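Asks:
Number of protein chains: 2
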Amino acid sequence: MKFELPSIKNRTSCANCPVRKLKSFRDFTSPELEFVSRFKAGEMSVEAGTNFLNEGAHSAHLFTVLSGWAFRYKTMEDGRRQILNYAMPADLLGLQGSIIGEMQHSIEALTPLVLCVFERDRIHELYRKHPGLAYDLTWMAAREERILDEHLLSIGRRTAIERAAYLLSYLQLRSRVSGPLASNDNRLPITQQHVADTLGLSIVHTNKTLKKLSAKGLIKWLDRGCVVLDVDGLLEIANWKPEPTSGRPFI
Amino acid sequence: MKFELPSIKNRTSCANCPVRKLKSFRDFTSPELEFVSRFKAGEMSVEAGTNFLNEGAHSAHLFTVLSGWAFRYKTMEDGRRQILNYAMPADLLGLQGSIIGEMQHSIEALTPLVLCVFERDRIHELYRKHPGLAYDLTWMAAREERILDEHLLSIGRRTAIERAAYLLSYLQLRSRVSGPLASNDNRLPITQQHVADTLGLSIVHTNKTLKKLSAKGLIKWLDRGCVVLDVDGLLEIANWKPEPTSGRPFI
DNA sequence: CGATACTTTGACGAATATCAATCGCAGTGG
DNA sequence: CCACTGCGATTGATATTCGTCAAAGTATCG
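So the protein lines, in turn, are chains A and B. Position 29 of the first sequence, counted from 1, bears residue number 143 in the working numbering, the numbering being contiguous throughout. Position 5 of the second sequence, counted from 1, bears residue number 119 in the working numbering, the numbering being contiguous throughout.
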């Protein structure tokens with residue numbers, strides 16, 4: 115875990131935003147694009163393993179992931195950790211903190227990360243002048259809520275192997291959307307410890323469970339990463355039918 | 115489980131809204147109040163045990179709880195059920211469905227329930243004309259997200275007795291805010307089956323766990339309900355420090 | 001009064017955690 | 001180049017937690 119905060123660099127134009135070029139995102143109107151370009155304070159690069167937002171912080175910023183992966187998590191005093199969700203290109207981070215106040219979870223970079231940085235102060239202006247973007251923010255909050263609902267069902271009611279199959283298929287499906295911006299190979303950039311802390315299992319049991327999935331030929335576990343060989347097989351084990359998202363917004 | 119949908123009755127003025135009279139909610143400006151009064155389509159009463167929103171539905175409505183309790187849940191094909199969260203007076207229901215589309219969870223009344231009904235179609239007008247209310251909607255979505263984060267930590271990383279202590283203190287603290295609108299006595303209107311389905315435990319193990327909390331004098335379990343005798347004791351066992359919410363918005 | 005829903009209990013077995021090593025690989029310094 | 005170190009993955013043995021099964025107790029309601 116690293117704690118230094120990198121500085122915010124000069125901004126580049128939103129018109130050329132790499133995320134914007136991906137399929138499955140809606141387009142801005144030109145006043146929106148103009149506003150977002152001013153809303154953007156700059157970009158920030160963080161190394162893998164860096165905690166760039168911490169529980170208890172009153173951050174002045176809001177972030178959109180431009181490339182790389184991160185994860186949100188909470189810890190208890192005695193060190194128990196629960197990973198809440200993963201963030202990939204186009205995902206917004208820090209909205210909870212910006213809207214309500216203090217952050218109640220931490221965020222760590224899973225891979226080298228490039229973030230688009232927004233000024234929290236300007237958010238009221240966004241609501242006043244750009245109802246479409248305001249709607250998008252609510253949309254994104256509602257989407258996160260949905261994902262958490264599904265995670266809750268998994269941790270609460272699925273067995274270990276179902277949970278593992280759910281998580282890996284979930285990550286695999288999400289990684290497709292952001293495609294090349296996520297990682298260069300098609301490897302999920304996580305360790306078994308991450309899986310354990312997401313699923314609420316011990317690391318030993320997680321290892322044994324992942325071995326079962328490997329034995330079925332559904333995944334292959336490499337050093338510090340997982341390759342999904344058969345998403346449909348995973349979905350079947352997990353008993354999960356994800357709904358396709360199309361035309362989702364981002365900022 | 116009951117499925118009949120009660121009809122929507124005539125509306126009463128938002129100016130006299132009982133929820134509005136509670137402490138800890140922010141006031142509307144008068145244009146906001148005027149808008150919300152028009153946004154409101156009416157009121158709806160449902161019996162305890164009624165499913166008034168179901169997974170897969172494209173509901174034309176959005177609800178605010180005026181009195182009573184409800185819960186959101188998801189089920190798997192084989193019947194496993196996970197309760198996601200509880201709703202009490204002033205809580206908004208159906209936002210996910212209104213913003214993104216199809217509902218991905220169901221909602222059931224835990225007690226007799228009175229709901230304020232809003233027209234989904236008008237929501238864009240709300241964003242266009244009342245940025246303050248739009249912000250409030252995002253605020254409420256972000257709050258729900260926070261609660262789910264905490265639940266996820268509980269189910270994933272707390273032991274059975276910690277989870278039970280967490281849930282009961284959580285419900286107890288929330289029930290204070292809406293006070294008399296929630297229930298007449300200070301009893302949490304849930305069964306052990308609800309506790310089990312919220313915590314991801316079997317009903318038998320839930321029963322044994324609750325017995326331990328009773329033995330410590332922290333709660334008393336009555337028929338179809340729980341009385342919390344010592345919230346602080348529960349909070350200590352759960353190892354949980356809830357942050358006080360003040361001046362929260364509602365619609 | 002019976003019927004139903006909820007709670008309670010004990011016995012047993014399955015799932016999962018903990019403990020304690022070991023292995024393999026990548027980076028590091030000599 | 002090689003020993004050394006640290007992190008992540010792996011494994012077997014054992015302990016604990018938790019689920020399942022089966023049964024009975026208790027209250028409410030028509």
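Glycine is no exception: its CB is placed at the ideal position from the N, C-alpha and C atoms. Since we're looking at a predicted model, the values are computed, not measured.
(1) Unbroken beta strand (DSSP E) runs of length 3 or more, entirely within the region 123-162 of chain B: which are they?
(2) Pair every Cβ in the region 217-237 of chain A with every Cβ in the region 299-316 of chain B, then say whether three or more of these pairs are closer than 8 Å.
(3) Please list, in chain order, all residues of the same chain as Phe364/B whose beta carbon is under 6 Å from its beta carbon, the five residues on each side excluded.
(4) Using DSSP bridges, identify the partner residues of Thr178/A.
(5) Are there 16 or more other CB atoms within 10 angstroms of the CB of Arg260/B, so buried, or fewer, so exposed?
(6) What span of residues does the alpha helix (DSSP H) with Gly339/B cover, start to end?
(7) What residues of chain B sit near Gln218/A, judged by a beta carbon separation below 9 Å?
(8) Kindly list the residues whose CB is nearer than 7 Å to the CB of Glu148/A, restricted to its own chain and excluding five residues on each side of it in sequence; keep chain order.
(9) Kindly list the residues whose CB is nearer than 7 Å to the CB of Glu276/B, restricted to its own chain and excluding five residues on each side of it in sequence; keep chain order.
(10) Whole angstroms is fine: what's the gap from Leu247/A's alpha carbon to Glu146/A's?
(11) Can you tell me which residues form a DSSP beta bridge with Ser220/B?
(12) Where does Lys355/A land, buried or exposed, given buried means 16+ other C-beta within 10 angstroms?
(13) Mind reading off the beta-carbon distance from Glu161/B to Asn199/B? Whole number of angstroms is fine, and I expect it under 8 Å.
(14) Taking Cβ-Cβ distances below 8 Å as the criterion, which residues of the region 196-210 of chain B are in contact with chain A?
(15) Mark Val318/A as exposed unless 16 or more other C-beta atoms lie within 10 angstroms of its C-beta, in which case mark it buried.
(16) Could you tell me whether the Cβ of Asn168/B comes closer than 7 Å to any Cβ of chain A?
(17) Report the start-end ranges of each beta strand (DSSP E) in the region 233-303 of chain A that is 3 residues or longer and not cut off at the edges.
(18) So, for Lys188/B: in the same chain, excluding its five sequence neighbours on each side, which residues have a beta-carbon less than 6 Å away from its beta-carbon?
(19) So which residues of chain A does Tyr280/B contact, with C-beta pairs closer than 7 Å?
(20) Measure how close the beta-carbons of Ala278/B and Leu327/B come, nearest whole angstrom, since I'm counting them as under 8 Å.
(21) Going by C-alpha to C-alpha distance, which of Leu176/A, His175/A, Gly163/A sits closest to His308/A?
(22) Apply the 10 Å Cβ neighbour rule to Glu222/A and answer buried if 16 or more other Cβ atoms are within range, or exposed otherwise.
(23) Under the DSSP definition of a beta bridge, which residues are partnered with Ala201/A?
(24) Whole angstroms is fine: what's the gap from His86/B's alpha carbon to Glu216/B's?
(25) Taking the alpha-carbon of His172/B as reference, which of Asp141/B, Ile213/B, Val345/B, Leu136/B has the nearest alpha-carbon?
(26) Does DSSP put Ile351/A in a helix, a strand or coil?
(27) I'd like to know whether the C-beta atoms of Ala201/B and Ala174/B end up nearer to each other than 7 Å.
(28) Flag Ile275/A as yes if its beta-carbon sits less than 7 Å from any beta-carbon of chain B, otherwise no.
(29) Find the residues of chain A that neighbour Ile269/B, judging by a C-beta separation of less than 8 Å, and give them in chain order.
(30) Run through the DSSP bridge pairs and tell me what Lys334/A is partnered with.
(31) Within the continuous alpha helix (DSSP H) that includes His172/A, where are the two ends?
(32) Taking all protein chains shown into account, do 16 or more other C-beta atoms lie within 10 angstroms of the C-beta of Pro245/B, making it buried, or fewer, making it exposed?
(33) Within the continuous alpha helix (DSSP H) that includes Ile317/B, where are the two ends?
(34) Report the neighbours of Lys188/B on chain A: residues whose CB is nearer than 9 Å to its CB, in chain order.
(35) Roughly how many angstroms lie between the CA atoms of Arg362/B and Glu264/B, to the nearest whole one?
Replies: This is what the structure gives:
(1) Listed in chain order, they are 154-160.
(2) Three or more beta-carbon pairs separated by less than 8 Å are not found between the region 217-237 of chain A and the region 299-316 of chain B, which leaves the two stretches without contact.
(3) Excluding five sequence positions before and after Phe364/B, the CB atoms of its chain that fall closer than 6 Å to its own CB belong to Phe139, Ala204, given in chain order.
(4) Paired residue(s): Leu206/A, Cys230/A.
(5) Label assigned to Arg260/B: buried.
(6) For Gly339/B, there is no enclosing alpha helix (DSSP H); the residue is part of the beta strand (DSSP E) that begins and ends at 339-342.
(7) Residues of chain B passing the Cβ test: Arg260, Asp263, Glu264, Glu357.
(8) Around Glu148/A: no qualifying Cβ.
(9) Within its own chain, the residues whose Cβ lies closer than 7 Å to the Cβ of Glu276/B, once the five positions on either side in sequence are excluded, are Ile351, Ala352, Asn353, listed in chain order.
(10) C-alpha separation (whole angstroms): 7 Å.
(11) Bridge partners of Ser220/B: Tyr187/B.
(12) Exposed.
(13) 21 Å between Cβ atoms; not a contact.
(14) For the region 196-210 of chain B, residues whose beta-carbon sits nearer than 8 Å to a beta-carbon of chain A comprise Gln196, Leu198, Leu209, Gln210.
(15) Under this definition Val318/A is an exposed residue.
(16) With a threshold of 7 Å between beta carbons, Asn168/B makes no contact with chain A.
(17) The qualifying runs do not exist here; there are none.
(18) So the qualifying residues of the chain are Gln196, His219.
(19) Here the premise fails: no neighbours, minimum Cβ distance about 11 Å.
(20) The beta-carbon distance between Ala278/B and Leu327/B, rounded to whole angstroms, is 6 Å. This is short enough to meet the 8 Å contact definition.
(21) If we check each option's Cα against that of His308/A, Gly163/A comes out closest.
(22) It counts as buried.
(23) Bridge pairing for Ala201/A: Ala184/A [DSSP].
(24) No statement about residue 86/B is possible, as the shown extent of chain B runs from 115 to 365 and does not include it.
(25) In this structure, Ile213/B is the residue among Asp141/B, Ile213/B, Val345/B, Leu136/B with its C-alpha nearest to the C-alpha of His172/B.
(26) In the structure shown, Ile351/A falls within a helical segment according to DSSP collapsed to helix, strand and coil.
(27) For Ala201/B and Ala174/B, no; Cβs fall outside 7 Å.
(28) No Cβ of chain B is located within less than 7 Å of the beta carbon of Ile275/A.
(29) Leu266, Ile269, Gly270, Gly314, listed in chain order.
(30) Bridge partners of Lys334/A: Val341/A.
(31) His172/A -> no alpha helix (DSSP H), and no H or E assigned at all.
(32) With a 10 Å radius around the Cβ and a threshold of 16 neighbouring Cβ atoms, Pro245/B comes out buried.
(33) First-last of the alpha helix (DSSP H) with Ile317/B: 317-329.
(34) Residues of chain A passing the Cβ test: Asp263, Glu264, Leu266, Leu267, Arg271.
(35) For Arg362/B and Glu264/B, the distance between alpha carbons rounds to 19 Å.
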